[in-house]
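Asks:
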Amino acid sequence: MLGLWGGQYNYSEGKRAYDDYIYPTTSYADVIMFDSNGLANGKISDITANWQVNNAGQLVIQYPNGAVQTSEIIDQLGLEYGVFSQFSTPEGEFATYDIWVKGQTNFVLDSAYLQPTSSTHYWNGEINSWIPGSFDSNGLLIPERLWGWLFTSHTVQNIDGVAWQGPDQNGLSSINFVLSDAVSYQVGAQNIEINRLPFAKRFWYPIASTIINGDRVFYIVEREERDAQLWFGGQPGYNTFIPSRINIEREVDRANYTNVAR
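Using this note's numbering, read the sequence shown as starting at 1 and increasing by one per residue.
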């Protein structure tokens, strides 16, 4: 258990961007460092807790607020672990099942890594691809699951697979991809900050990278903040819009969605 993990941690994500709702202290993703002194620290939450592995092989985390988290690995595939967690808190009890990822302290997520390997490649956000029915009979993602990021050394664009076009006279179909306007991003010591919209900032906290079926893949904890005043004339200041979650970014080749017999 020692070292860096992307997993579930007990904390609050603060105020929601579009109203006065305060996110409760519950289970959110965090980048967690487990040290040999029995201390765990969440990079996003900045909460330090005590941890140990009990005789049943379960991870037990004891938080300063009195909450106790008991987590158990159910299955594993590569760097991904399916983990069942039970939380006993002063407010009550609940349980979750989530993907945890074993971190790599030497993984550097910077502008060089984010560059596509060819002009037809981009990073596809895979969080919604875990839903059944996301792939068609050819093993390709359906258009609704083709959404991601196209980076240069200084800018990034969202890219969206809209719909299949065709078939043409040869019986071949292609997906039409649409690009948003380019925006800036910054590489920091702890995360990537993407100025996604005039009122929205997306944050990526790196966990690990690997190769799956020949595709480059990296794992992050991501969250998004929005300024309600800039967004719709609400209260000023950036607050949580998307609470912290683990996401998988996979490098996808748009050429695989061009001239396809369907």
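Note that CB positions come from ideal geometry on N, CA and C, so glycine has one too.
Check Tyr268 in the structure and name its three-state DSSP category.
Replies: Only positions 1 to 262 of the chain appear in the structure, and residue 268 is not among them; the question remains open.
Asks: How big is the Cα-Cα spacing for Trp130 and Ser173?
Replies: 25 Å
Asks: Could you give the DSSP three-state label for Glu93: helix, strand or coil?
Replies: Residue state, collapsed to three classes: strand.
Asks: For Ile44 and Ala189, I'd like the C-alpha separation in whole angstroms.
Replies: Roughly 13 Å separates the two Cα atoms.
Asks: Does DSSP put Asn256 in a helix, a strand or coil?
Replies: Residue state, collapsed to three classes: helix.
Asks: Taking C-alpha atoms, which residue in Trp204, Gln169, Arg216 and Gln165 lies nearest to Thr258?
Replies: For the options Trp204, Gln169, Arg216 and Gln165, the alpha carbon positioned closest to that of Thr258 is the one of Gln165.
Asks: Distance check for Asp30 and Gln58, CA to CA, integer angstroms please.
Replies: 19 Å
Asks: Should Ile242 and Arg223 be called a contact, given that it needs their Cβ atoms to be closer than 7 Å?
Replies: yes
Asks: Tell me whether Gln229 sits in a helix, a strand or coil according to DSSP, three-state version.
Replies: helix
Asks: Which partner residues does Trp130 have in the DSSP bridge list?
Replies: Its beta-bridge partners do not exist; DSSP assigns none.
Asks: Based on Cα-Cα distance, which residue from Asp215, Tyr21 and Asp20 lies nearest to Trp123?
Replies: Asp215
Asks: What whole-angstrom Cβ distance do Ser184 and His154 have, given they're in contact under 8 Å?
Replies: Yes, they are in contact, since the Cβ atoms of Ser184 and His154 sit about 7 Å apart, within 8 Å.
Asks: Taking C-beta to C-beta, are Gly6 and Ile207 nearer than 7 Å?
Replies: yes
Asks: For the beta strand (DSSP E) containing Gly33, name the first residue and the last one.
Replies: Rather than Gly, the amino acid found at residue 33 in this sequence is Met. Segment Thr26 to Phe34, the beta strand (DSSP E) holding Met33.
Asks: So, are the CB atoms of Val178 and Val156 less than 7 Å apart?
Replies: no
Asks: Would you tell me roughly how many angstroms separate the C-alpha atoms of Ala255 and Thr120, rounded to the nearest one?
Replies: 6 Å
Asks: Determine, using beta-carbon pairs with one atom in the region 37 to 55 and one in the region 8 to 25, whether at least three such pairs fall under 8 Å.
Replies: yes
Asks: Go ahead and label Asn278 buried or exposed: buried means 16 or more other beta carbons lie within 10 angstroms of its beta carbon, across all protein chains shown.
Replies: Since the first residue of the chain shown is 1 and the last is 262, residue 278 is not available in this structure.
Asks: Which term fits Thr152, buried or exposed, when burial requires 16 or more other beta carbons within 10 angstroms of its beta carbon?
Replies: Note on Thr152: under 16 other CB atoms within 10 angstroms of its CB, so exposed under the neighbour-count rule.
Asks: Am I right that Val101 and Tyr219 are in contact with their C-beta atoms under 8 Å? What's the rounded C-beta distance?
Replies: 4 Å
Asks: Spell out a yes or no on whether the region 93 to 113 and the region 76 to 84 are touching, meaning 3 or more CB-CB pairs, one atom from each, closer than 8 Å.
Replies: yes
Asks: Tell me whether Asp227 is buried or exposed, calling it buried when 16 or more other Cβ atoms sit within 10 Å of its Cβ.
Replies: Buried: at least 16 other Cβ atoms inside 10 Å.
Asks: Name the one or two DSSP bridge partners that Arg250 has.
Replies: Residue pairing for Arg250: DSSP places it in a beta bridge opposite Asn124 and Val217.
Asks: Quick check on Leu77: buried or exposed, where buried means 16 or more other Cβ atoms within 10 Å of its Cβ?
Replies: exposed
Asks: Under 6 Å Cβ to Cβ from Thr70, same chain only, skipping five residues before and after it: list those, please.
Replies: Gln58, Val60 and Gln86, listed in sequence order.
Asks: Any chance you could list the beta strand (DSSP E) runs of at least 3 consecutive residues sitting entirely within the region 139 to 194, in chain order?
Replies: Runs of the beta strand (DSSP E) inside the region 139 to 194: 147 to 151, 155 to 165, 172 to 179 and 183 to 187.
Asks: Residues bridged to Gly6 by DSSP?
Replies: Val31 and Val101
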